[in-house]
Amino acid sequence: MRAALWLLSLFALAVAGAWLAGHNNGTVAFFLSPYRVDVSLNLVLLVLGGVVLVVVLAQQALSALLSLPKQAQRWRVQQKERAAHAALLDAISHFMAGRFLRARKAAQTVLDKEALLSEAGMNLDHAVSLRTVAHIMVAESAHALQDKGLRQQHLDQALLQANQADAADRQTLTEGAQLRAARWLLDDRDAQASLAQLKALSPAVGRRMVAMRLQLKAARLAGQPAQALDTAALLAKHRAFTPEAADSLVRSLIMQWLTHVHDAEATQGVWNALSPAQRNMPDVVAEVVLRFMAQGGAASVARQWLLPLWPQLLALPVEWTADQRVRFVRALEVSLADAEAADARQWLARVETAQQAQPRDALLQYLSGMACLRHQLWGKSHNLLAQAVKGLQDAELRRRAWCALAELAEQRQDSVAATQAWKQAAQV
363 MRAALWLLSL FALAVAGAWL AGHNNGTVAF FLSPYRVDVS LNLVLLVLGG VVLVVVLAQQ
423 ALSALLSLPK QAQRWRVQQK ERAAHAALLD AISHFMAGRF LRARKAAQTV LDKEALLSEA
483 GMNLDHAVSL RTVAHIMVAE SAHALQDKGL RQQHLDQALL QANQADAADR QTLTEGAQLR
543 AARWLLDDRD AQASLAQLKA LSPAVGRRMV AMRLQLKAAR LAGQPAQALD TAALLAKHRA
603 FTPEAADSLV RSLIMQWLTH VHDAEATQGV WNALSPAQRN MPDVVAEVVL RFMAQGGAAS
663 VARQWLLPLW PQLLALPVEW TADQRVRFVR ALEVSLADAE AADARQWLAR VETAQQAQPR
723 DALLQYLSGM ACLRHQLWGK SHNLLAQAVK GLQDAELRRR AWCALAELAE QRQDSVAATQ
783 AWKQAAQV
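Residue numbers for the sequence shown follow the numbering used here, so the first one is 363 and each next one is one higher.
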């Protein structure tokens with residue numbers, strides 16, 4: 363549409379010019395004593411236009427001629443700049459392909475070409491960023507080649523060059539170099555130095571996904587499960603993992619944390635540090651209770667930890683895995699060992715009610731039988747455990763059930779049944 367309008371405008375101007383030229387009868391008189399020259403006004407206008415056009419063309423030609431040296435210099439700078447960029451791309455490509463010597467050589471070429479440009483007075487607008495990235499690439503290649511001295515040298519140069527950039531680029535380049543340094547230290551298995559490098563970052567950078575991932579790996583390597591657990595929880599909150607992977611990671615970190623505590627008070631401190639979601643993991647709760655009881659913790663405290671998950675154990679359809687239910691039942695059994703506790707009768711009634719509601723559940727039969735055994739309900743305990751050993755899939759629980767049946771048979775002075783039960787327990 364715009365081209366059509368321009369064409370119409372040119373036609374209109376041509377028509378108007380032709381009409382004015384055809385109806386213009388004016389003349390211009392030039393007095394050159396003793397002569398007089400009369401010239402058509404149209405011819406005078408045409409000549410003036412031609413002269414103006416020639417002057418303009420001559421001026422442009424002269425300007426172009428005078429600008430040739432600057433254009434040649436600009437072309438040379440452009441060629442050298444393109445060569446530096448091409449070398450940087452080669453360094454990145456070689457590094458990605460695992461050709462670390464070639465990558466280091468190409469990155470060093472970038473630095474050499476940029477230095478030649480600076481010495482010639484041809485300063486690039488992004489020279490600082492180019493030098494910083496080139497130093498980082500040399501350091502990356504040196505790290506891959508286990509040349510720590512060269513890596514540290516170019517890292518220092520990268521940080522020095524980054525500090526010379528303007529405010530916007532300085533922050534980005536410095537943070538990038540520091541994150542890479544933390545990653546290199548982590549690859550060197552120097553977890554403490556990596557954590558120190560990460561702590562030196564600003565809080566805003568520390569909350570970035572890449573920084574938290576590095577912190578998680580460094581904390582696990584340094585044997586700091588508490589810090590690793592906090593970082594993993596933050597990563598899970600930001601959906602850095604799938605829900606299944608996040609639960610598995612958190613669970614493993616809590617288990618690792620528990621291996622670092624060796625008394626009941628410390629185990630209780632671990633429990634207090636867990637979040638409500640973590641306290642709702644059945645295998646985590648069971649492991650904490652078992653360790654707490656093995657270290658001489660109070661059974662009443664352990665039962666308080668187990669009570670919120672009791673309805674989930676009885677839920678239908680079953681939401682827990684078989685291993686989770688077994689560990690939870692084992693933790694309950696250990697915590698219910700004291701029949702003289704204030705809430706012992708209440709727990710006995712709770713367990714019996716659950717077993718009667720699900721009479722074919724072997725785990726509930728076992729738990730109810732062991733609870734009755736603690737309360738000296740010998741007959742009921744024998745019947746429940748005799749039913750449980752037929753359906754229990756876990757070897758440890760089945761062995762404990764046979765041992766309990768053997769003890770009950772010995773109390774009845776039934777040596778044949780006791781011998782048979784001890785034999786079954788030994789064969790499990």
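Cβ atoms here follow ideal geometry from the backbone N, Cα and C, with glycine treated the same way.
Cross-strand partners of residue i (DSSP beta bridge)
i: Ala391; result: Asp400
Alpha-carbon spacing of residue i relative to residue j, whole angstroms
i: Thr715; j: Ala788; result: 32 Å
i: Ala626; j: Ala701; result: 21 Å
i: Leu473; j: Ala496; result: 7 Å
i: Ala530; j: Gly483; result: 25 Å
i: Lys510; j: Ala520; result: 15 Å
i: Ala378; j: Ser395; result: 37 Å
i: Ala780; j: Ala766; result: 10 Å
i: Asp723; j: Ala763; result: 15 Å
i: Arg707; j: Ala607; result: 40 Å
i: Gln640; j: Trp619; result: 13 Å
i: Ala656; j: Leu668; result: 16 Å
i: Ser371; j: Leu492; result: 51 Å
i: His744; j: Gln782; result: 14 Å
i: Ala748; j: Leu636; result: 39 Å
i: Val409; j: Leu403; result: 10 Å
i: Val406; j: Asp487; result: 52 Å
i: Ser772; j: Ala711; result: As written in the sequence, residue 772 is Glu, which differs from the Ser given in the question. Near 27 Å, if we compare the C-alpha coordinates of Ala711 and Glu772.
i: Leu382; j: Val413; result: 21 Å
i: Glu758; j: Arg687; result: 13 Å
Beta-carbon proximity of residue i to residue j, cut-off 8 Å
i: Ala506; j: Leu512; result: no
i: Ala598; j: Val612; result: yes
i: Gln718; j: Gln727; result: no
i: Leu560; j: Ala584; result: no
i: Met574; j: Leu557; result: no
i: Gln674; j: Phe654; result: no
i: Ala524; j: Thr536; result: yes
i: Gln515; j: Val490; result: no
i: Leu479; j: Val439; result: yes
i: Trp682; j: Pro638; result: no
i: Gln684; j: Leu652; result: Reading off the sequence, residue 684 comes out as Ala, not Gln. Going by C-beta atoms, Ala684 is not nearer than 8 Å to Leu652.
i: Ser697; j: Arg665; result: yes
i: Val650; j: Val632; result: yes
i: Pro587; j: His624; result: no
i: Ala469; j: Ala453; result: yes
i: Arg689; j: Ala648; result: yes
i: Ala661; j: Ala699; result: yes
i: Leu576; j: Leu548; result: yes
i: Leu578; j: Ala562; result: no
i: Ile498; j: Arg466; result: no
i: Ser730; j: Leu746; result: yes
The alpha helix (DSSP H) enclosing residue i, as first and last residue numbers
i: Val778; result: Ser777 to Gln789
i: Pro670; result: Run containing Pro670: none; DSSP gives neither H nor E here.
i: Met643; result: Where Met643 is concerned, there is no enclosing alpha helix (DSSP H), given that its DSSP letter is neither H nor E.
i: His505; result: Ala489 to Ala506
i: Pro638; result: It is not in any alpha helix (DSSP H) - Pro638 carries neither H nor E in the DSSP assignment.
i: Arg760; result: Ala757 to Gln773
i: Ser614; result: Pro605 to Leu620
i: Trp546; result: Ala529 to Asp549
i: Asn745; result: Trp740 to Gly753
i: Thr683; result: Unbroken run through Thr683: none, as it is neither H nor E.
i: Glu702; result: Note, Glu702: premise wrong, no alpha helix (DSSP H); not H, not E.
i: Leu441; result: The question names Leu, but residue 441 is Gln in the sequence shown. Taken as a continuous stretch (DSSP letters only), the alpha helix (DSSP H) holding Gln441 covers Leu430 to Met458.
i: Leu521; result: Lys510 to Ala524
i: Ala580; result: Met571 to Leu583
i: Gly731; result: Ala724 to Arg736
i: Asp625; result: Neither: Asp625 is in no alpha helix (DSSP H) and is coded neither H nor E.
i: Leu563; result: From DSSP, Leu563 is part of no alpha helix (DSSP H); its letter is neither H nor E.
i: Arg464; result: Phe462 to Glu481
i: Pro587; result: Pro587 to Lys599
Buried versus exposed call for residue i [16 or more other C-beta atoms within 10 Å across all chains shown]
i: Gln441; result: exposed
i: Met571; result: exposed
i: Phe392; result: exposed
i: Thr593; result: buried
i: Lys475; result: buried
i: Glu481; result: exposed
i: Asp756; result: buried
i: Ser564; result: exposed
i: Val680; result: exposed
i: Glu695; result: buried
i: Arg760; result: buried
i: Glu443; result: buried
i: Phe457; result: buried
Near the ligand FAD: residue i beta-carbon under 7 Å from a heavy atom
i: Thr471; result: Looking for the ligand FAD in the displayed structure turns up nothing, as the structure carries no ligands at all.
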